Structure formats: structure tokens, C-alpha cells
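A.B. asks: The opening position of the sequence shown corresponds to residue 28 in this note's numbering, with each subsequent residue numbered one higher.
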Amino acid sequence: MERTTMPAPTVRSEPTPWAARATAQNWPALTAELDEHGHALMGPLLTPDECHELADLYDSEQHFRSTIDMARHRFGSGQYRYFTHDLPAPVRELRAALYPKLLPIAQDWAIRLRRPGTWPPRLDDWLAQCHQAGQEKSSQILLRYGPGDWNALHRDLFGDMIFPLQVVIGLDTPGEDYTGGEFLMVEQRPRAQSRGSAVALPQGHGLIFTTRDRPIRSVRGWSAAPMRHGVSTVRSGHRRTLGLVFHDA
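#1: Counting only the same chain and skipping the five closest in sequence on each side, list residues whose C-beta sits under 6 Å from that of residue 105.
#2: Is the stretch 224-242 close to the stretch 202-210, with three or more CB pairs under 8 Å?
#3: Taking the straight line between their C-alpha atoms, what separation do you get for residue 237 and residue 192?
#4: By alpha-carbon positions, which one of 148, 157, 68 and 217 ends up nearest to residue 247?
#5: Is it right to say residue 66 is buried, meaning 16 or more other beta carbons lie within 10 angstroms of its own, or is it exposed?
#6: By Cβ distance below 7 Å, which residues in the same chain neighbour residue 28 in space, the five residues on each side in sequence not counted?
#7: Residue 41: buried (16+ other C-beta within 10 angstroms of its C-beta) or exposed?
#8: For residue 68, does the three-state DSSP call read helix, strand or coil?
#9: Could you give the distance in angstroms between the alpha-carbon of residue 253 and the alpha-carbon of residue 220?
#10: Let me know the alpha helix (DSSP H) ranges lying completely inside the stretch 63-110, each 4 residues or longer, listed in chain order.
#11: Quick check: what's the CA-CA separation for residue 249 versus residue 139?
#12: Using CA coordinates, which residue listed in 145, 206 and 197 is at the minimum distance from residue 174?
#13: Taking 8 Å as the cut-off, decide whether the C-beta atoms of residue 195 and residue 264 are in contact.
#14: Starting from residue 189, trace the beta strand (DSSP E) both ways and give me its first and last residue.
#15: Between the stretch 55-66 and the stretch 86-93, do at least 3 Cβ pairs fall closer than 8 Å?
#16: Would you say residue 136 and residue 241 are within 8 Å of each other, going by their C-beta atoms?
#17: Could you name the residues of the same chain whose beta carbon sits closer than 7 Å to that of residue 198, not counting the 5 residues immediately before and after it, in chain order?
#18: Which residue marks the beginning of the alpha helix (DSSP H) containing residue 118, and which one marks its end?
#19: Name the DSSP beta bridge partners of residue 286, please?
#20: Under 8 Å, do residue 257 and residue 180 count as touching if we go by C-beta distance?
#21: Who does residue 153 pair with in a DSSP beta bridge?
#22: Less than 8 Å between the CB atoms is what I'm expecting for residue 166 and residue 185, so what's the real figure, rounded?
#23: Do residue 188 and residue 274 have their beta-carbon atoms positioned less than 8 Å apart in this structure?
Right, here's the structure in full:
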């Protein structure tokens with residue numbers, strides 16, 4: 028069984044570069060975008076060199092707990108790997124720094140949808156609750172797509188413990204390293220046709236999007252609009268991304 032003991036938090040006087048980049052984002056504008064569309068494109072979170080270093084980890088077995096072949100499971104075509112709990116520093120630091128910024132948005136959405144919004148202020152405490160509920164495995168993923176690969180529309184849900192927002196970071200440059208491969212989102216609207224969105228992820232930039240659904244205005248106040256995400260077919264080249272999920276599996 029995978030060891031799930033969480034490391035003790037490290038006390039620092041200065042933020043890491045990843046934490047500083049996460050904090051420096053225009054959070055009022057991102058919050059407004061999330062409220063309006065259910066997704067929001069961030070500025071750079073990783074440098075090009077950091078993107079290459081993370082992408083190159085894909086072939087290092089020691090960093091991962093499992094590998095998923097999407098075609099085998101009829102999830103699409105391509106492959107992704109789940110990190111172990113011993114996360115690389117950029118992954119660990121970005122996840123920890125983004126959580127408290129996303130938390131007020133998640134709590135506000137919960138109020139609108141009349142749902143419990145009892146996530147604790149610290150990510151480690153929330154992950155401990157996930158583990159107590161049986162969701163003990165790391166959910167951070169590195170994804171790799173080649174020509175003809177794609178990802179079916181889905182949600183990253185592993186049980187009852189759910190944080191409603193997550194982040195994907197592009198590790199390659201669209202139009203240079205690959206063509207196609209847009210990040211897709213489909214929103215199911217009440218009594219209406221679904222609405223789709225497509226985003227070409229710039230290298231190093233993060234995209235915040237809803238994990239399950241988002242609040243939209245309705246005649247009775249607020250309703251939950253279910254959303255799913257996926258990736259369009261990669262036409263050429265190779266596309267790698269980092270997925271940051273804030274609940275464990």
C-alpha cells in the first residue's frame with residue numbers, strides 16, 4: 028500500500044519562486060473570469076527551463092505511482108502518470124500556494140449552491156481529511172500526448188472529498204511544439220444546449236477550471252452547471268501538461 032504520511036511543513040522566511048508567482052497573479056480578475064466562464068487563464072507559473080525539466084521527469088519511474096494508458100481504458104488516446112506523494116518542488120510549492128488563493132472562490136461558490144464549504148485554510152489539513160475518508164493516493168499528474176492522441180471529456184473525481192477547482196499547466200508551446208491539442212471544456216446549461224470552450228495553453232501558464240460544476244444564475248437564484256474537460260486531437264508534435272488537483276484519490 029502506498030505510504031501516505033504527509034511531510035511536515037517547512038518554515039521559510041522567503042517564498043519560493045513558484046509561490047511568489049502564484050501569489051502575484053491578478054486574483055480579482057481571475058475570480059471574475061471564473062465566475063463568468065468557469066475557467067480562467069493565468070500568467071506564467073513556470074519558466075521554460077522548469078517546464079522542460081518537469082516534462083523530462085516523465086520517463087523517470089521513481090517519481091510516479093502508476094501509469095494510465097488512455098486507449099486501454101477508453102479514455103481517449105495518450106498516456107498520463109500519477110506522481111507519488113514525494114512531489115517535485117515546483118509541483119509541491121505551486122499546489123500549496125494556489126490552494127489558499129482558490130479557497131475563497133470555492134467557499135463563495137459553495138454558499139451560492141447551498142453546499143457545505145468546510146475546506147480548512149491549510150492544504151495539508153484538507154489532504155489529511157481526504158486520507159481519513161479513504162482518498163489516500165496522490166492525484167497530481169503528468170500527461171503526454173503525441174500525434175493523434177486526445178482525451179475524452181471527463182471529471183477528476185475520486186470520491187466524496189472534492190475541491191471544486193483545479194489547475195492545468197502547459198509544458199510545451201502550442202503552434203511550435205505541437206498543433207491541435209486544445210484544452211476543451213463543455214458546460215451543461217439548464218434547459219439549453221451545452222456550451223463548449225477551447226483554450227490553447229501557453230507554455231508555463233496555468234488554466235484554472237472547475238472540477239465538477241459551477242454556479243450560474245437562474246430564475247430561482249443559483250443553479251449548478253455541470254462541466255467536463257478534455258483535450259482535442261493533437262495533429263502534430265508532442266504535448267505535455269501538468270495537472271494540479273487539490274483533493275487526493
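For each residue, glycine too, the CB sits at the ideal point set by N, CA and C. Quick caveat: nothing in here was measured; it's all calculated off a predicted structure.
C.D. replies: Looking at the coordinates:
#1: To locate residue 105, count along the sequence shown from 1; it is residue 78. Result list for residue 105: 97, 172 and 176, in chain order.
#2: Contact holds: three or more Cβ-Cβ distances are below 8 Å.
#3: Residue mapping note: residue 237 aligns to position 210 of the sequence shown, counting from 1. Residue mapping note: residue 192 aligns to position 165 of the sequence shown, counting from 1. So the two alpha carbons sit approximately 5 Å from each other.
#4: Residue mapping note: residue 247 aligns to position 220 of the sequence shown, counting from 1. Here the closest residue by C-alpha is 217.
#5: Counted from its first residue, the sequence shown places residue 66 at position 39. Buried, because 16 or more other Cβ atoms sit within 10 Å of the Cβ of residue 66.
#6: For the purposes of this step, residue 28 is taken as the residue at position 1 of the sequence shown. Model confidence at residue 28 stands at a pLDDT of 44, short of 50, so the residue's coordinates are unreliable; what they give is reported in the following sentence. Hits under 7 Å: none found.
#7: To locate residue 41, count along the sequence shown from 1; it is residue 14. Flag for residue 41 reads exposed.
#8: Counting from 1 along the sequence shown, the entry for residue 68 is found at position 41. Looking at residue 68 - three-state DSSP - the assignment turns out to be strand.
#9: On the sequence shown, residue 253 is found 226 positions in, with the first residue counted as 1. On the sequence shown, residue 220 is found 193 positions in, with the first residue counted as 1. When rounded, the distance between both Cα atoms is 12 Å.
#10: Complete alpha helix (DSSP H) runs here, min 4: 75-83.
#11: As a working mapping, residue 249 is identified with position 222 in the sequence shown. As a working mapping, residue 139 is identified with position 112 in the sequence shown. Approximately 6 Å between the Cα atoms of the pair.
#12: Taking the first residue of the sequence shown as 1, we reach residue 174 at position 147. Nearest to residue 174 by C-alpha distance, out of 145, 206 and 197, is 206.
#13: As a first step, residue 195 must be located in the sequence shown, where it is residue number 168. As a first step, residue 264 must be located in the sequence shown, where it is residue number 237. Taking 8 Å as the Cβ cut-off, residue 195 and residue 264 do not qualify as a contacting pair.
#14: In the sequence shown, the residue the question calls residue 189 occupies position 162. It is not in any beta strand (DSSP E) - residue 189 carries neither H nor E in the DSSP assignment.
#15: no
#16: The residue given as residue 136 occupies position 109 in the sequence shown. The residue given as residue 241 occupies position 214 in the sequence shown. Taking 8 Å as the Cβ cut-off, residue 136 and residue 241 qualify as a contacting pair.
#17: Counting from one through the sequence shown, the residue named residue 198 turns up at place 171. So the list reads 78, 81, 82, 230, 267, 268 and 269, once near-sequence residues are dropped.
#18: One-based indexing of the sequence shown puts residue 118 at position 91. Residues 116-139.
#19: There is simply no residue 286 to check, as the chain begins at 28 and stops at 276 in what is shown.
#20: Along the sequence shown, read from residue 1 onward, the residue named residue 257 stands at position 230. Along the sequence shown, read from residue 1 onward, the residue named residue 180 stands at position 153. With contacts defined by Cβ atoms closer than 8 Å, residue 257 and residue 180 form a contacting pair.
#21: For this step, residue 153 is matched to residue 126 along the sequence shown. Note: residue 153 sits in no beta bridge, so no partner.
#22: Residue mapping note: residue 166 aligns to position 139 of the sequence shown, counting from 1. Residue mapping note: residue 185 aligns to position 158 of the sequence shown, counting from 1. With 8 Å as the limit, residue 166 and residue 185 qualify as a contact, their Cβ atoms being about 7 Å apart.
#23: Here residue 274 corresponds to residue number 247 of the sequence shown, with the count starting at 1. Here residue 188 corresponds to residue number 161 of the sequence shown, with the count starting at 1. Taking 8 Å as the Cβ cut-off, residue 274 and residue 188 qualify as a contacting pair.
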